[in-house]
């Protein structure tokens, strides 16, 4: 049975109590703690469970010692969901009657998973009328479904619509990176249409030597999101700061070269924005981010042997040619830029 209760202002206070206790554990890996889910949205009913989103610098470094510290606050670590969500650690707290009262979703920060849940919350907080629509849906579905999984799945279509609106609302979705002409965002499924249109452009296909249908574009986008969830970085989605039109995909991603994991600078620009120096602008911003936030000895970059505009961008960014190699059946030029350590 799905139990929904009218909004209770005490839910916010309950979150603040948990947040303070979590901070007092002294887990240095924790960088962010946020209240998410319906109990974080004023005015709407919810299951009386406090959803807590914790962001950590590196999920792989969140050791059993840290898990035990959280469990000291009467939480129970439950790894069963990690087969479906490998980049999330889940904790649950119950009351004396065995009813769930709190749950923790612990993920890498920054990540696509983290950003998605904050966008959903912030959009509904900004638009109470949409939050009320969500409440009506929840009340209707609670009369139909008896278990939480079916109930949650039935909300998916509405939630995905909100995810898209929230991503494209640049008052809610704050830029992760900003340059003179561009704003960049952590990738979400909501930008699939923009990405697919770029990849299907005939001139883009001719330049890059490969074409993608909508499903393949979605797979590539989801790969970037998974990468962000695992590593805390991935190529961003870039938009024109003035018009909010889609510009392209660019940023950092791991790449296996000669058996070694490297970090690659990659960029693809929508055909309508070619010849404006934006690949360089994206590359420069990405390298600056890597220098400030990632401890890299070097960054690699490569392109097809005959992609002369991209080769010029790499040289302008300071990359040096190392060797030719075959990639996707095409000869590519492999370049590297060493990181100059600041004193």
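Numbering (full-length UniProt numbering), first residue to last: 1 to 343.
Using N, Cα and C, we set each Cβ at its ideal position, and we do this for glycine too.
| query | result |
| --- | --- |
| Please determine, among 265, 205 and 87, the residue with the shortest C-alpha to C-alpha distance to residue 234. | 265 |
| Scan the stretch 97-127 and note each continuous beta strand (DSSP E) run of 3 residues or more that stays entirely inside, going in chain order. | 100-108 |
| Let me make sure I understand the geometry here. Which of 108, 134 and 144 has the alpha-carbon closest to that of residue 186? | 108 |
| Report all residues from its chain with a CB closer than 8 Å to the CB of residue 336; omit the five preceding and five following residues, and keep chain order. | 298, 299, 300, 301, 319, 320 and 322 |
| Hey, how far is the Cα of residue 20 from the Cα of residue 100? | 20 Å |
| Relative to the C-alpha of residue 247, which residue among 258, 5, 206 and 199 is closest? | 199 |
| Measuring alpha carbon to alpha carbon, tell me which residue in 69, 135 and 245 is nearest residue 26. | 69 |
| Would you call residue 188 buried or exposed, if buried means 16 or more other Cβ atoms sit within 10 Å of its Cβ? | buried |
| Report yes or no: do the stretch 125-138 and the stretch 246-260 share at least 3 C-beta pairs separated by less than 8 Å? | no |
| Under the rule that 16 or more other beta-carbon atoms within 10 Å means buried, what is residue 312, buried or exposed? | exposed |
| Out of 251, 4 and 309, point me to the one whose CA is closest to residue 224's CA. | 251 |
| Apart from the five residues just before and just after residue 305, which ones in its own chain have a Cβ nearer than 8 Å to its Cβ? | 324, 330, 331, 332 and 333 |
| Pick helix, strand or coil for residue 45, following the three-state DSSP scheme. | coil |
| Of the residues 258, 17, 88 and 317, which one's Cα is nearest the Cα of residue 102? | 17 |
| Which partner residues of residue 241 appear in the DSSP bridge assignment? | Answer is none; residue 241 lacks a bridge partner. |
| Looking at the structure shown, is residue 259 part of a helix, part of a strand, or coil, going by DSSP? | coil |
| Got a sec? Which residues, its chain only, sit under 6 Å from residue 35 by beta carbon, not counting five neighbours each side? | 15 |
| So, helix, strand or coil for residue 92, using DSSP? | strand |
| Could you pull the start and end residues of the alpha helix (DSSP H) that residue 13 belongs to? | 10-23 |
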